[in-house]
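In mature numbering (1 follows the signal peptide of the UniProt record, and there is no 0), the protein residues as written are -26 to -1, 1 to 391.
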């Protein structure tokens, strides 16, 4: 698909053409202008401005995927090309294989970023397990969809337009949006890890200087000095790794959401976790919605209608569908339990942060009256920063778990096919 650039964004050629042909007034470029939808432009003025600025906000990821993501656009084209000619199995297989490769490419990009942060996982709080898990989740989600699309092509005998739409457009859209959302959450967790490491670097530098001073007066050994130096240098090397990982993940987000890979959009913080959402979650009453919307189950149900009554294939599919309904119900309960666990972890992290704040206030008072030194003060300051980062990470983890639960209700829940 041909593309053009617009303020660092990559836009489809068809949209570029509609932009060139449309009057500027249609997009609210002048004071008092009233938005009039042009052909090929379904957005109102506020939405148009939102998705064409140089700012990435979490709540616009869905629009950005629909507007800019090349893989999603190719999936839609595959559907449009084949929805009225679904009997052309050979052509459809080829296109599904191509789109499977596109999804796999984006999955591999996220997997590479996850692999690069794994080596520093947990060291000096450089990368939290939750940040790593978000990247792995995003990658595996896209990889799963890639495999399912490839399997569909390999086993294709008869497909209806409805089946094709579920397998390509609906499932692909959900996988790409949820994958990008998880990547953005992982990006913010990586920035928090960087913030934590910056605090640790200040402390480690002070520890090293203190060790040198004490060694000069015989109160520390050269081994102590060497250990302090090695800890400092390891953290400095870790900062280089985090900076590289930050750049890699930023590039992944850019390419998934329409910017050039080396663009520099402003990436806004992920919304705070709204815990009131949890009160509306109930796996017992939500299971019907999750079952009705599940993409894999929906596809198999449509496929069931194409099979011959009394055949072995139809009997096998009926068993598969029954098993999948049970699996969805069980998975939804597990996801809800995870939300509850993450909420409990957030409460614990908040309590720890409040305690660290109390200790910090005490340390400030002691420093003023001279009962503690600068090094001890920096240690407490670092402990406060650690508690703050852990609280923010716990909030992001809760937010991610709530999003995963909601995606399951919308149908984007991985189950065996």
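From the three backbone atoms N, C-alpha and C, an ideal C-beta is built for every residue, glycine too.
Item                                                                                                                                                       : Value
Taking residue 371 as part of the alpha helix (DSSP H), name the residues at either end of that continuous run.                                            : 348 to 384
Output the distance between the C-alpha atoms of residue 372 and residue 286, rounded to the nearest integer angstrom.                                     : 44 Å
So, at 7 Å on beta carbons, what are the nonlocal neighbours of residue 100 in its own chain, with the 5 sequence-adjacent residues on each side left out? : Summary for residue 100: the model assigns pLDDT 48, below 50, so the residue's position carries little reliability; its value from the coordinates is reported in the next sentence. The answer, listed in chain order, is 94, 167, 171, 212, 216.
Do you know how far the Cα of residue 163 is from the Cα of residue 291?                                                                                   : 42 Å
Could you check whether residue 365 and residue 323 sit closer than 7 Å to each other, using their CB atoms as the reference points?                       : yes
In this structure, does DSSP put residue 319 in helix, strand or coil?                                                                                     : helix
Report yes if the C-beta distance between residue 383 and residue 263 is below 7 Å; otherwise report no.                                                   : yes
Would you kindly work out how many angstroms separate the C-alpha atoms of residue 304 and residue 257, rounded to a whole number?                         : 9 Å
Residue 153 and residue 46 - do their beta-carbons sit closer together than 7 Å?                                                                           : no
Tell me the residue span of the alpha helix (DSSP H) that contains residue 25.                                                                             : 19 to 25
Could you round the C-beta distance between residue 138 and residue 53 to whole angstroms and report it? I think they count as a contact, below 8 Å.       : 6 Å
Hey, would you say residue 320 sits closer than 7 Å to residue 159, going by beta carbons?                                                                 : no
Is it right to say residue 29 is buried, meaning 16 or more other beta carbons lie within 10 angstroms of its own, or is it exposed?                       : exposed
In three-state terms, what does DSSP make of residue 29?                                                                                                   : strand
Taking the alpha carbon of residue 173 as the reference point, which residue from 328, 379, 363 has its own alpha carbon closest?                          : 363
On the three-pair Cβ rule with 8 Å, is the segment 336 to 354 touching the segment 173 to 184?                                                             : yes
Measuring alpha carbon to alpha carbon, tell me which of 280, 378, 341, 328 ends up nearest residue 357.                                                   : 328
Inspect the beta-carbon positions of residue 140 and residue 272 and report whether they are closer than 7 Å.                                              : yes
Should residue 343 be labelled buried (16 or more other beta-carbon atoms within 10 Å of its own) or exposed?                                              : exposed
In terms of residues, what are the limits of the alpha helix (DSSP H) holding residue 230?                                                                 : 196 to 231
Residues in its own chain within less than 6 Å of residue 386 by CB, not counting five upstream and five downstream?                                       : 148, 152
When you compare only the Cα positions, how much space is there between residue 25 and residue 236?                                                        : 18 Å
If residue 361 sits next to residue 326, beta carbons under 8 Å apart, how far is it from one beta carbon to the other, in whole angstroms?                : 5 Å
Buried or exposed: where does residue 270 fall if 16 or more other Cβ atoms within 10 Å of its Cβ makes it buried?                                         : buried
Quick check: the Cα distance between residue 229 and residue 332, rounded to an integer number of angstroms?                                               : 44 Å
Classify residue 151 as helix, strand or coil using the three-state DSSP reduction.                                                                        : helix
Is residue 188 helix, strand or coil by DSSP?                                                                                                              : helix
Classify residue 246 as helix, strand or coil using the three-state DSSP reduction.                                                                        : coil
Could you give the distance in angstroms between the alpha-carbon of residue 416 and the alpha-carbon of residue 318?                                      : Residue numbering for the chain in the displayed model covers -26 to 391; residue 416 lies beyond these limits and cannot be assessed.
Of the residues 20, 374, 135, which one's Cα is nearest the Cα of residue 244?                                                                             : 374
How long is the line joining the alpha carbons of residue 75 and residue 50, rounded to whole angstroms?                                                   : 15 Å
Once you ignore the five residues that flank residue 220 on each side, which residues in its own chain have a CB closer than 6 Å to its CB?                : 164
First and last residue of the alpha helix (DSSP H) that includes residue 136?                                                                              : 135 to 139
Quick check on this structure: which residue in 252, 226, 55 has the alpha carbon closest to the alpha carbon of residue 142?                              : 55
Distance, Cα to Cα, residue 346 vs residue 316?                                                                                                            : 37 Å
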